[in-house]
Structure formats: structure tokens, C-alpha cells
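Student:
Numbering (this note's numbering), first residue to last: 1 to 294.
1) Between residue 98 and residue 61, what straight-line distance do the alpha-carbon atoms span, to the nearest angstrom?
2) Work out the CA separation of residue 183 and residue 216 for me, nearest whole Å.
3) According to DSSP, is residue 214 part of a helix, a strand, or is it coil?
4) In terms of alpha-carbon separation, which member of 15, 148, 114 lies closest to residue 26?
5) Taking the continuous alpha helix (DSSP H) assigned at residue 183, which residues delimit it?
6) Determine the closest residue to residue 59 out of 115, 201, 132, with distance taken between C-alpha atoms.
7) Residue 101: buried (16+ other C-beta within 10 angstroms of its C-beta) or exposed?
8) Do residue 268 and residue 228 have their C-beta atoms within less than 8 Å of each other?
9) Should residue 158 and residue 185 be called a contact, given that it needs their Cβ atoms to be closer than 8 Å?
10) DSSP three-state call for residue 98: helix, strand or coil?
11) Figure out for me which residue from 136, 29, 192 has the closest Cα to the Cα of residue 243.
12) To the nearest angstrom, how far is the alpha carbon of residue 175 from that of residue 86?
13) Rounding to the nearest angstrom, what Cα-Cα distance links residue 318 and residue 76 in this structure?
14) Which residues in the same chain as residue 207 place their Cβ atom closer than 7 Å to its Cβ, once the five residues preceding and following it in sequence are excluded?
15) Around the Cβ of residue 32, are there at least 16 other Cβ atoms within 10 angstroms (buried) or fewer (exposed)?
Below is the structure:
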């Protein structure tokens with residue numbers, strides 16, 4: 001099975017892309033879960049679907065658009081959705097969570113309209129919905145590689161700011177951190193990773209890859225950095241194992257990847273440390289000591 005992934009170019013693109021997604025999604029997922037913003041991934045995935053459907057719709061009417069990778073339009077919609085969501089969170093300052101269903105509803109509505117205008121589903125759209133082992137091409141691989149490098153660089157630069165915002169937003173503001181700018185940058189990163197993940201995992205399932213490995217990691221991690229480590233390990237196991245099983249069994253990789261992530265979560269609940277807080281206390285404790293030292 002592994003020999004096939006190392007022999008054929010399209011399988012190599014899928015494997016290497018999957019490795020990058022298995023790294024990025026849990027890394028950002030840690031911040032989403034800790035900040036109780038997990039549903040944002042669902043909202044942005046639906047608005048990304050609208051972008052993909054719109055790109056395919058344009059391709060059916062404009063010959064030039066047939067040669068344009070729909071991933072770019074999906075990224076544009078996803079980033080725009082993240083910016084609009086942040087604006088809504090500022091408008092509804094006391095009810096910030098309402099921005100999530102607004103964006104999700106808009107994404108579903110636009111997606112349904114664009115799909116109906118394009119005379120329903122086609123093979124390309126189904127591949128974006130549920131992922132495909134053979135659909136990842138060189139253009140996708142290059143785009144996702146660039147996104148991976150950019151996101152990792154930004155995470156390294158803004159790690160301390162994101163850490164403060166995750167545990168003590170008021171302390172971060174007092175410390176002089178530009179909370180709005182950092183959060184905006186983070187939202188754009190989440191949007192880009194969601195758009196990049198859709199080729200392998202599928203638009204409808206990408207949010208699971210951002211949350212399930214983190215939930216599993218919380219059963220073992222003793223601190224924030226360990227949470228990153230375990231989340232990435234579990235994410236990579238789910239992605240690489242899911243890709244290989246999906247290719248072998250001729251199944252949609254997105255579903256297999258998510259089922260493996262669910263299996264890892266169940267095993268972590270059974271055999272992980274018996275903490276009612278799922279690892280939250282050690283992380284919170286460390287945050288307090290960090291704030292005091294500052």
C-alpha cells in the first residue's frame with residue numbers, strides 16, 4: 001500500500017498534502033478549542049463551499065475560468081467570510097457567538113443557490129465535499145505548501161500573543177497586545193487552512209480534523225506545548241492512515257480520516273488519564289503562572 005503512494009505522482013501529492021494538513025489543522029484547532037471557538041471552522045467550511053460552487057458555476061459559462069483552480073475562489077470566500085465574521089463579532093459585542101450561525105447560514109444559502117444554478121452536483125464538487133485521493137494535483141500541492149509555510153511562520157511570530165488571548169484576554173489587552181489585529185490574523189489563518197484542507201478531507205468534514213485530535217490530546221497532555229504535540233500526532237495518524245485505507249478500499253478519504261479520528265478519540269477516553277476536566281486544569285494553571293510572571 002505504501003509503495004503505491006511512493007510510486008505514483010498523484011498519490012505522492014495526496015500524501016504530502018495530507019501530512020501538511022495533518023500538521024496545520026490540529027495546530028490551529030488547539031487555539032480554537034481552548035478559546036471555545038470550534039464552531040467557527042464549520043461556518044467557514046460552509047462559506048468555502050460557496051466559493052467552490054461559484055468557481056465551478058463560472059467555469060460552466062466562462063471558458064477562462066475552467067482553467068482556474070477552484071481552490072483560489074474557495075480561499076477568497078473563506079477569508080472574506082472570516083473578515084465578515086470578525087466584523088459581526090464587533091457589531092454584536094455582547095452576543096459574539098451569533099456571528100457563527102449567520103456566516104454558516106449565508107454559506108449554505110449561497111452554496112445551494114450556486115449549485116442549483118450549475119444544474120446540480122457534479123464529480124468535481126463531490127470531490128471537494130468529501131475529499132478525494134486522486135483529485136490533488138500539482139497546483140493544489142504548491143498552493144497548500146505555500147499556505148503551510150506562511151501559517152507556520154505566523155504561528156511562530158505570534159505564539160505568545162495567541163497564548164495570552166487563549167487563556168486571559170483581559171490580561172493580554174493590559175499587556176499591550178493588539179487583540180483585534182492578532183485575532184484577525186488568526187481568523188485569516190483558519191480560513192486559509194480550511195480552504196487548503198478541502199481537497200483531502202472534504203469541506204464538510206474539515207472542522208472535525210481541527211477538533212477531534214485536540215479532544216484526544218487533552219486526555220494525555222500535561223501542558224499547552226504537549227497539547228500541540230499530541231494533537232499533531234493524532235492528526236497525522238488519522239490523515240495518513242485514512243488516506244491509505246481510502247485508497248485501498250476505494251472510499252472517500254474524508255470520511256475514513258474522520259472515522260479514524262473518532263476511533264482515536266474513543267481510545268483516548270478509555271485509556272487516557274481520568275480527568276473530568278479533560279486536561280483543562282493543567283493548562284489553566286500554567287496560564288496563571290505566566291500572567292503573574294509578566
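Here a beta-carbon is modelled for each residue, glycine too, at the ideal position from N, C-alpha and C.
Tutor: Considering the structure as presented:
1) One Cα belongs to residue 98, the other to residue 61, and the distance between them is close to 36 Å.
2) Whole-angstrom Cα-Cα distance: 25 Å.
3) The answer is helix: DSSP assigns residue 214 an H, G or I state.
4) Checked all of 15, 148, 114; the closest Cα to residue 26 is 148.
5) Looking at the DSSP string, the run of the alpha helix (DSSP H) that includes residue 183 is 179-197.
6) The residue with the shortest Cα to Cα distance from residue 59 is 115.
7) Residue 101 should be labelled exposed.
8) Not closer than 8 Å, so no.
9) The answer is yes: Cβ separation under 8 Å.
10) For residue 98, the three-state secondary structure derived from DSSP is helix.
11) When each option's Cα is compared against that of residue 243, the closest is 136.
12) So the alpha carbons of these two residues sit roughly 22 Å apart.
13) Residue 318 cannot be examined here, being either before or after the span of the chain that is shown, 1 to 294.
14) Cβ neighbours of residue 207 beyond the five flanking positions: 41, 42, 45.
15) Looking at its Cβ environment, which holds 16 or more other Cβ atoms inside 10 Å, residue 32 is buried.
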